[in-house]
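Please read the structure below before turning to the comments.
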Amino acid sequence: MSDLPHADPKLRPLFDAALPQCGDFLAAANDFRDSLLSISPDTPPEPRWKQDWFPRLDALAAYVTVRRVRPARIVEIGAGHSTRFLARAVRDGGLNTRITSFDPEPRATLNGLSGVELICAPIQSAGSSVVPELVAGDILFVDSSHKWHPGSDVAFLFDEILPLLVRGCRVHFHDIFLPGGYPAHWTHRQYNEQVAVAALVESRAWQIEFASAHAVRHLADEIDRSVAGEIPLVVGAIESSLWLRKL
12 MSDLPHADPK
22 LRPLFDAALP
32 QCGDFLAAAN
42 DFRDSLLSIS
52 PDTPPEPRWK
62 QDWFPRLDAL
72 AAYVTVRRVR
82 PARIVEIGAG
92 HSTRFLARAV
102 RDGGLNTRIT
112 SFDPEPRATL
122 NGLSGVELIC
132 APIQSAGSSV
142 VPELVAGDIL
152 FVDSSHKWHP
162 GSDVAFLFDE
172 ILPLLVRGCR
182 VHFHDIFLPG
192 GYPAHWTHRQ
202 YNEQVAVAAL
212 VESRAWQIEF
222 ASAHAVRHLA
232 DEIDRSVAGE
242 IPLVVGAIES
252 SLWLRKL
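Under our numbering, the first residue of the sequence shown is numbered 12, with each subsequent residue one higher.
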């Protein structure tokens, strides 16, 4: 990993303080070992482990969070492999969770995936109307354009959605490497979402519940001892989910 683009070393103490909770999360994932290992490595349109868009720890964290928290609503910004894992967790848990996914151009086909309302439009099209639907325990799942600029989905999210979420809501961000920076070979992507996410973490209004990238750096033994150690990881795949809960 590179510490060049948008690293924020001053956040290191906050992420280090969250490592015990990340370790506890990995241990709790073992409660769902059979369900996780029943997911085939490669059987679309079902979720599958053999892909590098939403790999091992990221997919595990999404699945386990849904099974443990049992949200009434999930609003997803950016559909694809993550949607499959979220829907599978809802199905396996026998939950009544409603999933609404916003994506103007979903990369992965979601045909045949039940229980998901796919809206082929950016989140801005919904305005802030999604906020009143989210209560404590619900999830806002963000895997967006990762680019903050006026009029972008990231700007809308941070300006119009996140400030209105109630205490107890959980938010997921993908492709977050804090307190480190984006991988050096990603520089051409011009992502800058981490700057906004860093400010969110630094505000102390959000609790870090799981951080894939930081866990990979510092909890290798705990990962290997957990069910995650039994799940295939595609060579070169980068794990980068960050889960926060509003305090």
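Where is the CB? At the ideal position from N, CA and C, for every residue including glycine.
Out of the options, state which residue places its alpha-carbon closest to the alpha-carbon of residue i.
i              : options                        : result
leucine 151    : Gly126, Val182, Arg228, Arg178 : Val182
proline 117    : Ala18, Ala132, Gly191          : Ala132
leucine 37     : Asp154, Pro82, Ala222          : Ala222
valine 153     : Pro56, Ala210, His185, Asn203  : His185
histidine 196  : Pro174, Ile249, Arg84, Ala100  : Ile249
histidine 225  : Glu87, Gly192, Thr198, Leu244  : Gly192
alanine 147    : Leu176, Gly240, Gly162, Val75  : Leu176
proline 56     : Arg200, Val227, Ser125         : Ser125
isoleucine 172 : Leu106, Gly105, Val86          : Val86
If you draw a straight line from the alpha carbon of residue i to that of residue j, how long is it in whole angstroms?
i                 : j             : result
phenylalanine 259 : serine 251    : Residue 259 cannot be examined here, being either before or after the span of the chain that is shown, 12 to 258.
alanine 18        : leucine 255   : 18 Å
tryptophan 217    : threonine 108 : 23 Å
isoleucine 242    : alanine 70    : 10 Å
glutamate 213     : proline 31    : 19 Å
histidine 92      : proline 58    : 6 Å
aspartate 103     : arginine 67   : 18 Å
proline 82        : valine 142    : 14 Å
tyrosine 202      : aspartate 35  : 31 Å
valine 165        : glutamine 135 : 10 Å
alanine 137       : leucine 168   : 11 Å
leucine 15        : proline 194   : Note that leucine 15 has pLDDT 47, beneath the 50 cutoff, so the model's placement of it is unreliable and no number is given.
Quick check on residue i: buried or exposed, where buried means 16 or more other Cβ atoms within 10 Å of its Cβ?
i             : result
glutamate 144 : exposed
glycine 89    : buried
glutamine 205 : buried
alanine 231   : exposed
aspartate 170 : exposed
alanine 73    : buried
aspartate 235 : exposed
alanine 28    : exposed
serine 155    : buried
valine 77     : buried
aspartate 157 : Sequence inspection shows histidine at residue 157; the aspartate mentioned does not correspond to that position. Flag for histidine 157 reads buried.
valine 75     : buried
valine 101    : buried
Among residues of its own chain, excluding the 5 on either side of residue i, which ones have a beta-carbon nearer than 7 Å to its beta-carbon?
i          : result
valine 127 : Thr94, Ala98, Ile110, Ser112, Leu121
Once the 5 residues before and after residue i are set aside, which same chain residues still bring their CB inside 6 Å of it?
i             : result
valine 238    : Ala40, Asn41, Arg44, Leu47
glutamate 220 : Trp254, Arg256
threonine 10  : This structure gives no information on residue 10, because the portion of the chain shown stretches from 12 to 258.
Leaving out the 5 sequence neighbours to the left and right, which residues in its chain are closer than 8 Å to residue i when beta-carbon positions are compared?
i             : result
leucine 258   : Arg178, Arg215, Ala216, Trp217, Gln218
leucine 22    : Leu189, Pro190, Ala209, Val212, Glu213
proline 115   : Cys131, Ala132, Pro133
histidine 229 : Asp27, Leu30
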